[in-house]
Each structure stands twice: as C-alpha cells, then as structure tokens.
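A.B. asks:
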Amino acid sequence: MESNNDNWSEKLSETIQRIRKYVIFILTYVAYCITRYIVLLFQRISWGIMGVEYIRRDARRGLQYKQSAHVQDIIWRRKLYDISIAHPVNFITVHNGFKHPTYVLKQKVTLYCLTKHEAVFVETTENVDIYSSDVIPAFHNAQFKHAQKIITMPLASFHKMASDLGEPRMPIIWISRTWRCGSAIMRQMFESIPGTMVIGEPDALTSLSNLERDQIISKSEYKQLLESTIRILCKPNERAKLVCIKTRPCCFRMVPDIYSTQPSIRHIFMYRNSLKTVTSVVGTTLNSNILFQIVRFIVDNNSLSKILPCVRRKMYDMFGHLNKSDKTLKDTAPNFSTVGIIIAGWASSVSKCEELRNYNIPILPVIFEDLIKYPRKTCELLFEYFHIPEENVTLAVDGFRKDTRRASTILARLPLKNETRRNIEPEKRAEADAILKKYSLPKLGERYEIPGFLSID
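If you want our numbering, it's the position in the sequence shown, counting the first as 1, plus 53.
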C-alpha cells in the first residue's frame, strides 16, 4: 500500500514539475515577444536618428550595394518549438554595422531564411561545425542555437552576389522525404564520406517554399530566388567535394522547379511504411512538447475542432497539405483526425513522387525498411547510382552506428515489437484507408513500392 502511495506521489510531483516547466516556458516566450516589440519600436526612432535606416532604405533601392549587408548582434533568442520554421522573429538584435555583401561568404556565415524583402544570414562561433549532425540534427536549429550575429540584405543584393558566385562547383544530391522516414540515417551515411557536406533541413528553402505556396511572391520571383538560394547554400567550401541537401517534407513540392533550373542535381525520395509513419509522428513529433499534445487533443476532438477550426487547418498545412496543387482531399480535409492528416501528407508525397517519375524527372525512391534491413547492399547500389567511389561504402555503413539524438545507435533503438493496424483506433484506420484509396494506394500498413524504387533484389 505504501509503495502505491509513493508511486502516486512521485507521479504527481513529476506532473507538477512538468506543468511548472511549461508555464515558465510560455511566460518567458510572452516576455520575449513583448520585449522584441518594444525594442523594434525603439529602433525605429534610434536608427532614424543614427542614419542606420537611411542606409538600409538606400540599400533596398540598390544605391548602397557595398554597404547592403546589415550586421546585427543577437542579445536574446527564442522559438516556440524546435520544428518551427526559421524567421527573423527568432532573435532580438542591436545594430553592429554595415558590410560588403561578400561578408556572408565567410565559412561561419550561413543562409538562415528568406522573407519577402530580405535574405537573412547568421554568423556562428568559430569552434562549432553547424553542418555536423553531432552538433544538432537539424541545420536550422544548429543555426538558431549557435548564432552570434544576424546579417540581413535586400534581395537585389542577394541575387547579385549569387550571380557573381555562379553555378555550384560540386555535385549535389537532393534528399526529399516524408515525415519520420528515417532520413537521419541517410544523412549520417553521406556525412561519413570524406569530402561530403550535408545540409540537413535548411530553412532558407522551407521559408522560400512557403512564400511561394502562400502567394506572397510571384512564380518568377520564386524561381529566381530558388536559383540564388541553391548557389548561396552551395557556396565554395574547402572541404566540400559533394553536397547533400536534406529538406523538410514540405519542400518536396519544389523538386520540379529545381529540376528545371538545376537539371544536374540528383534526387532521392525517402519514405517508409505508412503505418510506421503514423505511429512515429504521433508517438514522437506530436508528443515532443505540451503544445503539440494540446494541438493533437483539439484536432481529435470534433467539438473543440468546430470551435477552433484554425487548429486543424494549421496542422493540416504543416503535416498534410504538402503539395498545394493536390486537390484530391479538398472537400474532406477539414474533418480529418490527426491520423488522417498525417496519412494525407504521406499519400500526397508518395503519389507526387510517382507522378514526377512519370514526367521523367530522375528521382530515386528509397524505402526505409530496405535501408535498415540491407544497409551495405543499399549503400553499394546508391554509390553506384551516384558515382561515389566504392571504397567509401564501409565508412557509410559505419555511419549507421552513430545516433544524433541518443547515446545508443539508431538501429538499436528501433521498435522491437511489430506495429500492427490494431495500434490505431478502428475509425481512424478506416479514415486512413479511405484517404489512401483516393490515391490508389494500398491500405494502412501494407508495403507500397513506387515504380523505379531502389530494389535490393
């Protein structure tokens, strides 16, 4: 009896501590937002008096190219959650000075995000390699955590500098994916190859994709920015003989435009079993903080979703509506549960990959389960496909043994028990099956091989 009371007290204490932690986090974030608003108001006045705004305005007009890179020191940073898309609002900054745009070509300066009017870079500390998955798995989070300065410049200066750089001087492999498909293993595989630089989820591309999706910029502006962004991301680097860019799932919609502007880029599309995708997103991503737990609770409650329809719509935009041209689920999407939204994103992406291959865009589908079951054979086939020297296969396979999130290896922490459809509630299974049927895809949990996938046989 005493043991049960102790366990109950311990759980209550843990719950109180968690609530306290999240309340402090939310209050701190609110304080940050208020402080940033006050600082921006003050800067409007002070920058006008100091002439800072005058130089910024002239730079936007193309009159101050040599001083168009505005360097600012970071004094405070905050994000609401780790997977939020990079944006200048992540930082409170103060004026440092103006530099020539070539300042951002320094190795410790990297492109952070794009807005309608500016390109935003961050400068990180000398002793941190933000490209390495050993630092932080996601590139945008490594930039956020280790940034010391931000550098902003008008898009006209950004384009001129990209034009001066010219086409990337090294081959590029572009890794597109679905949510929670095990792409971290693919990244570590390529990262283990000498002379290879992997950029894992650069939000310069994510922010650009969203600018075009939300029609904030025109199609012509988007294509010009896409070309310039790729050139800047792949700027000359002494250590890089090969560049791999692993994007967020929403960036898959960019592949046709990338192929039309940069046909030399080679493409991979990585995906996994539909059931395992759902259980992984629900059990990991949507369970990572209390905010996502609240969002999931609202989405799966029909009464609350009717009161707060924006929550379900926002979640659908993040996880489900990855391809804006896809109208397959237009009428039914507003009523989807969490499982339905995740499956909608998976089905749309898999269907899009098949469509791109039908249009002769050379994208190679790779199935996660095959990669895990046959790591060496998969590496050998991939290296042959991308003309990577065979002697690097052993190094790449060793990359599987490294885990960027825990002390154990990725392979060791894969679920030991078989996940079945019974892990999903019957009505949500039926919902998922109905969505998959609209895309002519098999039922939840059944293996699907995109034509032309990397076959191990």
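Each residue gets a CB set at the ideal place from its N, CA and C atoms; glycine is no exception.
Everything numeric in this text was worked out from a predicted model, so none of it was measured.
1. Can you tell me the Cα-Cα spacing of V124 and F151, whole angstroms?
2. Would you call A465 buried or exposed, if buried means 16 or more other Cβ atoms sit within 10 Å of its Cβ?
3. Can you look up A460 in the DSSP assignment and give me helix, strand or coil?
4. When you compare only the Cα positions, how much space is there between P271 and E265?
5. Evaluate the contact criterion for the region 346-366 versus the region 123-138: three or more CB pairs, one atom per stretch, below 8 Å.
6. Assign T259 to one of two classes, buried (16 or more other C-beta atoms within 10 Å of its C-beta) or exposed (fewer than that).
7. Under a three-way DSSP split, which group does N38 fall into?
8. Does DSSP put S229 in a helix, a strand or coil?
9. Since L286 contacts I298 with CB under 8 Å, what's their CB separation in whole angstroms?
10. Return the residue from the list K213, I145, S245 that minimises the CA-CA distance to E444.
11. Using 7 Å as the threshold, is the C-beta distance between I102 and Q120 below it?
12. Taking only three categories from DSSP, how would you classify F345?
13. Run the CB neighbour count on R284, radius 10 Å, all protein chains shown included, and call it buried at 16 or more, exposed below.
14. Can you look up E171 in the DSSP assignment and give me helix, strand or coil?
15. Taking Y275 as the reference, give the member of H170, W227, K294 with the closest Cα.
16. Any idea what DSSP makes of Y145, helix, strand or coil?
17. Have a look at I394, I425, N326 and flag the residue whose alpha-carbon is nearest the alpha-carbon of A237.
18. With a Cβ-Cβ cutoff of 7 Å, do F372 and G398 count as a contact?
19. For V419, which residues does DSSP report across the bridge?
20. When burial is assigned at 16 or more other CB atoms within 10 Å of the CB, is H374 buried or exposed?
21. Once you ignore the five residues that flank I396 on each side, which residues in its own chain have a CB closer than 6 Å to its CB?
22. If you follow the alpha helix (DSSP H) that P309 is part of, which residue opens it and which one closes it?
C.D. replies: Per the coordinate set shown:
1. Position 71 of the sequence shown, counted from the start, is the residue given in the question as residue 124. Position 98 of the sequence shown, counted from the start, is the residue given in the question as residue 151. Distance between the alpha carbons of V124 and F151: 6 Å.
2. One-based indexing of the sequence shown puts residue 465 at position 412. Note that A465 scores a pLDDT of 40, beneath 50, so its modelled location is shaky and nothing firm can be said.
3. Here residue 460 refers to the residue found at position 407 when the sequence shown is read from its first residue. Summary for A460: the model assigns pLDDT 35, below 50, so the residue's position carries little reliability, and this model does not support an answer.
4. By one-based count along the sequence shown, residue 271 stands at place 218. By one-based count along the sequence shown, residue 265 stands at place 212. Per the sequence shown, residue 271 should be read as Ser rather than Pro. If you take the alpha carbons of S271 and E265, they lie about 7 Å apart.
5. no
6. Stepping through the sequence shown from its first residue, residue 259 is reached at position 206. That one is buried.
7. Residue 38 falls outside the range modelled here, since the chain spans only 54 to 510, and no answer is possible.
8. For the purposes of this step, residue 229 is taken as the residue at position 176 of the sequence shown. If DSSP states are grouped into helix, strand and coil, S229 belongs with the strands.
9. Translated into positions along the sequence shown, residue 286 becomes position 233. Translated into positions along the sequence shown, residue 298 becomes position 245. About 7 Å; that satisfies the 8 Å criterion.
10. Indexing the sequence shown from 1 puts residue 444 at position 391. Answer by Cα proximity: S245.
11. Indexing the sequence shown from 1 puts residue 102 at position 49. Indexing the sequence shown from 1 puts residue 120 at position 67. In this structure, Q120 does not lie closer than 7 Å to I102 by Cβ.
12. Against the sequence shown, residue 345 aligns to sequence position 292. Here F345 sits in helix by DSSP.
13. The residue you call residue 284 lines up with position 231 of the sequence shown. Under this definition R284 is a buried residue.
14. Locating residue 171 in the sequence shown gives position 118, counting from the first residue. Of the three classes helix, strand and coil, the one that applies to E171 here is strand, per DSSP.
15. If you number the sequence shown from 1, residue 275 lands on position 222. When only C-alpha atoms are compared, the closest one is H170.
16. Here residue 145 refers to the residue found at position 92 of the sequence shown. Here residue 145 is Ile; the residue named in the question, Tyr, does not match the sequence. Residue state, collapsed to three classes: strand.
17. Stepping through the sequence shown from its first residue, residue 237 is reached at position 184. Of the candidates I394, I425, N326, the one whose C-alpha sits nearest the C-alpha of A237 is I425.
18. As a working mapping, residue 372 is identified with position 319 in the sequence shown. As a working mapping, residue 398 is identified with position 345 in the sequence shown. Cβ distance < 7 Å, so F372 and G398 count as in contact.
19. By 1-based counting over the sequence shown, the position of residue 419 is 366. BP columns for V419 point to M323.
20. Here the question's residue 374 lines up with position 321 in the sequence shown. Classification of H374: buried, given that the 10 Å Cβ count is 16 or more.
21. The sequence position of residue 396 within the sequence shown is 343, counting from 1. Correct list, in chain order: A485, I488.
22. The sequence position of residue 309 within the sequence shown is 256, counting from 1. Its alpha helix (DSSP H) spans residues 308-314.
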